[in-house]
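Colleague: My questions will all concern the structure given below.
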Amino acid sequence: MLKIIIPTIMLMPLTWLSKKNMIWINTTTYSLLISLISLSLLNQPNNNSLNFSLMFFSDPLSAPLLVLTTWLLPLMLMASQHHLSKEPLIRKKLYITMLAMLQTFLIMTFTATELISFYILFEATLVPTLIIITRWGNQTERLNAGLYFLFYTLVGSLPLL
């Protein structure tokens, strides 16, 4: 699992250290490579000797979710490239960082082995999602949408605690 988590975390420094004209190319290419690596999770042998981590574990149920999660980032980067072309450079970098954080938290959520770590990581996905909704939402009601999103997901997840 760490072969997907660590490269996804390294997307954040890659974003901030890339040159102005290479941000989209570097992050999209790197996230596509992570997506291709994640396809190896679909062909797991019956023994789980490849899962070395005690906190994060992949099984046949979580592997397709991980593949779908990793394929989502390059698609979102390609789709939002034109939409963010008029944004300042710092906001582009912040947007890509939020997407990489969201993907990292989702990967860690889907591979969590303990229920409390699953709950904490699920709640951690709300922070980048809320920032993406409130900052880069398309309509003027994005602040209300972010507020409703936050309260409904927190109220819905509190009984699970």
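With positions in the sequence shown counted from 1, the corresponding number in our numbering is that position plus 1097. Idealized CB from N, CA, C, for every residue including glycine.
1) Counting pairs of Cβ atoms below 8 Å between the segment 1182-1193 and the segment 1116-1131, do you hit three or more?
2) Per the contact definition of three or more C-beta pairs closer than 8 Å, is the segment 1101-1113 in contact with the segment 1172-1180?
3) Please report how far the alpha carbon of T1166 lies from the alpha carbon of L1172, in whole angstroms.
4) So, at 8 Å on beta carbons, what are the nonlocal neighbours of L1218 in its own chain, with the 5 sequence-adjacent residues on each side left out?
5) Report the partner residues of A1209 according to the DSSP bridge assignment.
6) Return yes when the Cβ of T1231 is within less than 8 Å of the Cβ of L1199, no when it is not.
7) Nearest-angstrom Cα distance between I1193 and L1129?
8) May I ask you to report which of helix, strand or coil DSSP gives Q1200?
9) Can you name, in chain order, every residue of its own chain whose Cβ lies under 6 Å from the Cβ of M1195, other than the five neighbours on each side?
10) Mind checking whether N1134 and I1101 have CB atoms under 8 Å apart?
11) Out of T1125, L1191, M1098, state which residue places its alpha-carbon closest to the alpha-carbon of L1163.
12) Comparing C-alpha positions only, which one of E1220, K1190, V1252 sits nearest to T1125?
13) Could you have a look at G1262 and say whether DSSP puts it in helix, strand or coil?
Modeller: Walking through what the data contain:
1) The segment 1182-1193 makes contact with the segment 1116-1131; the number of CB pairs closer than 8 Å reaches 3 or more.
2) When C-beta atoms of the segment 1172-1180 are compared with those of the segment 1101-1113, fewer than three pairs fall below 8 Å, so the two segments do not count as touching.
3) Spanning the alpha carbons of T1166 and L1172 requires a straight line of approximately 10 Å.
4) Excluding sequence neighbours, L1218 sits near F1202, M1205, T1206, A1209.
5) Under DSSP, A1209 takes part in a beta bridge, and its partners are F1153.
6) For L1199 and T1231, no; Cβs fall outside 8 Å.
7) One C-alpha to the other measures close to 14 Å.
8) In the structure shown, the three-state DSSP call for Q1200 is helix.
9) Here the set comprises P1225, I1228, I1229.
10) In the sequence as presented, Asn is not what sits at residue 1134; that position holds Ile. I1134 places its beta carbon less than 8 Å from that of I1101.
11) Comparing Cα-Cα distances from L1163 to each of T1125, L1191, M1098, the minimum goes to M1098.
12) Looking at E1220, K1190, V1252, the one whose alpha-carbon comes closest to that of T1125 is K1190.
13) Because residue 1262 is not part of the residues shown, which for the chain are 1098 to 1258, the question remains open.
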